[in-house]
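J.:
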Amino acid sequence: MSAPEEMSVDLLVVGAGPTGLYAAYYAGFRGLSTAVVDSLPEAGGQVTAMYPEKMIYDVAGFPAVRGRDLVKGLVEQASRWNPTYLLGRRAHELHTVEDGTGGLRVTFEDGASVRTGAVLVTAGIGEFTPRPLPAGEGWLGRGLVHFVPALDAHAGQDVVVVGGGDSAFDWVLALRPIASSVTLVHRRARFRAAESIVRQAYAEGVRVITDAEVTALRSGADGELAEVDVELKDGSRTSLPAQTVVAALGFTADLGPIESWGLEVERRAIKVDTTMATARERVYAAGDVASYPGKVKLIATGFGEAATAVNNIAVALNPGAKLFPGHSSDA
219 MSAPEEMSVD
229 LLVVGAGPTG
239 LYAAYYAGFR
249 GLSTAVVDSL
259 PEAGGQVTAM
269 YPEKMIYDVA
279 GFPAVRGRDL
289 VKGLVEQASR
299 WNPTYLLGRR
309 AHELHTVEDG
319 TGGLRVTFED
329 GASVRTGAVL
339 VTAGIGEFTP
349 RPLPAGEGWL
359 GRGLVHFVPA
369 LDAHAGQDVV
379 VVGGGDSAFD
389 WVLALRPIAS
399 SVTLVHRRAR
409 FRAAESIVRQ
419 AYAEGVRVIT
429 DAEVTALRSG
439 ADGELAEVDV
449 ELKDGSRTSL
459 PAQTVVAALG
469 FTADLGPIES
479 WGLEVERRAI
489 KVDTTMATAR
499 ERVYAAGDVA
509 SYPGKVKLIA
519 TGFGEAATAV
529 NNIAVALNPG
539 AKLFPGHSSD
549 A
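If you're matching positions, the sequence shown starts at 219 in our numbering and goes up one per residue.
#1: Look up P281 in the DSSP assignment and say whether it is helix, strand or coil.
#2: Sorted by chain position, which residues of the same chain lie with C-beta nearer than 8 Å to R425's C-beta, five sequence neighbours on each side aside?
#3: Of all the options L467, G263, V366 and G520, which has the alpha carbon lying nearest to the alpha carbon of Y303?
#4: Sorted by chain position, which residues of the same chain lie with C-beta nearer than 7 Å to F326's C-beta, five sequence neighbours on each side aside?
#5: Taking the straight line between their C-alpha atoms, what separation do you get for A373 and E484?
#6: Just to confirm before moving on: does the CB-CB distance between G361 and L443 stay below 9 Å?
#7: Tell me the rounded alpha-carbon separation between L473 and G441.
#8: Tell me, to the nearest whole angstrom, how far the beta carbon of Y269 is from that of F521; I am working on the premise that it is less than 8 Å.
#9: Does the region 369–389 come into contact with the region 460–480, if we say contact requires no fewer than three beta-carbon pairs (one atom in each stretch) closer than 8 Å?
#10: Are the beta-carbon atoms of A261 and L305 separated by less than 9 Å?
#11: When the Cα atoms are used, what is the spatial distance from V232 to T456?
#12: Would you report the Cα separation of F387 and P475, rounded to the nearest angstrom?
#13: Considering Cα atoms alone, identify which of H545, K515, N529 and L541 is closest to G342.
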């Protein structure tokens, strides 16, 4: 949804991942008007961008839920309160409104702004940039991808996945049933991925080439990606058919402009107290971006932190409000 030159809401949520989406629901439950901003063009944050097809097993109430289905449910849950989504926009500067109300103004890179009573930062790991595949220069969008938003797009293809972490093995296992062939190439003999998922890949007969690197991507007669060259540690070479290469090499992340907002930041995380408040008045944080002693980074943790933050925000904006509003089932 496009933003007017300046809109006004009770709460601006910075980050449209699972924690931010649940915060939008809970803010509506507390009677707060809400806008959600995210630099990505779709809601869902890291889940949508990196593993929409991955099964998630540690969200309470779901024995297993696909990433994209979890996001869909969270968006539907929040829709009851009609939050405004400002997607594909980057929160840039944060200012205190000098009118005695204690309100805040967040501006965007395009000059538009949102005036808000409070800000809840749910930016996860921040803005993330995939690490490039050196041999893939010029191929991004032409057969080379970093994420797989839709598995069906690769049905019947030969797919080469490059990497040795959890994401690489997630893609291998998700694509194996529908692709013509799936091969994983990793430059080391050991993997960063969990042992259980590595064992599963081997048990299912996935071809795994270790101590090897993809050195070139080549097109066929039609100009489309057709194969890749792989060089092994011993100097031998082989070629693999490939219509898609998934470069699952990890990513770099930073908080971007948020680091200049006067918050206490350590190791790309924002320190909060037990109310999820940061060092700056009326600015709160929840989810993976929030830090406190004993923190456990889980989607389930973020949901609880979002509820804690929103309830305390409701009281900060209206001191006469109750911290605990009762149960939603009683509303």
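For glycine and all other residues, C-beta sits at the position ideal for the given N, C-alpha and C.
T.: Working from what's here:
#1: Within the sequence shown, the letter at position 63 stands for residue 281. Coil.
#2: Counting from 1 along the sequence shown, the entry for residue 425 is found at position 207. Cβ within range, chain order: S399, V400, T401 and L402.
#3: Position 85 of the sequence shown, counting from 1, holds the residue named residue 303. For the residues L467, G263, V366 and G520, the minimum Cα distance to Y303 belongs to G263.
#4: Within the sequence shown, numbered from 1, the residue matching residue 326 stands at position 108. So the qualifying residues of the chain are R307, R308, A309 and H310.
#5: As a first step, residue 373 is located in the sequence shown; it is residue number 155 there, counting from the start. As a first step, residue 484 is located in the sequence shown; it is residue number 266 there, counting from the start. Cα to Cα, the separation comes out at about 43 Å.
#6: By one-based count along the sequence shown, residue 361 stands at place 143. By one-based count along the sequence shown, residue 443 stands at place 225. Yes. Within cutoff.
#7: Within the sequence shown, the letter at position 255 stands for residue 473. Within the sequence shown, the letter at position 223 stands for residue 441. Roughly 39 Å separates the two Cα atoms.
#8: If you number the sequence shown from 1, residue 269 lands on position 51. If you number the sequence shown from 1, residue 521 lands on position 303. About 18 Å separates the two Cβ atoms, so there is no contact after all.
#9: yes
#10: As a first step, residue 261 must be located in the sequence shown, where it is residue number 43. As a first step, residue 305 must be located in the sequence shown, where it is residue number 87. Taking 9 Å as the Cβ cut-off, A261 and L305 qualify as a contacting pair.
#11: The residue given as residue 232 occupies position 14 in the sequence shown. The residue given as residue 456 occupies position 238 in the sequence shown. Between V232 and T456, the C-alpha separation is close to 47 Å.
#12: The count along the sequence shown starts at 1 and reaches residue 387 at position 169. The count along the sequence shown starts at 1 and reaches residue 475 at position 257. Approximately 33 Å between the Cα atoms of the pair.
#13: For the purposes of this step, residue 342 is taken as residue 124 along the sequence shown, with counting starting at 1. For G342, the nearest C-alpha among the options comes from K515.
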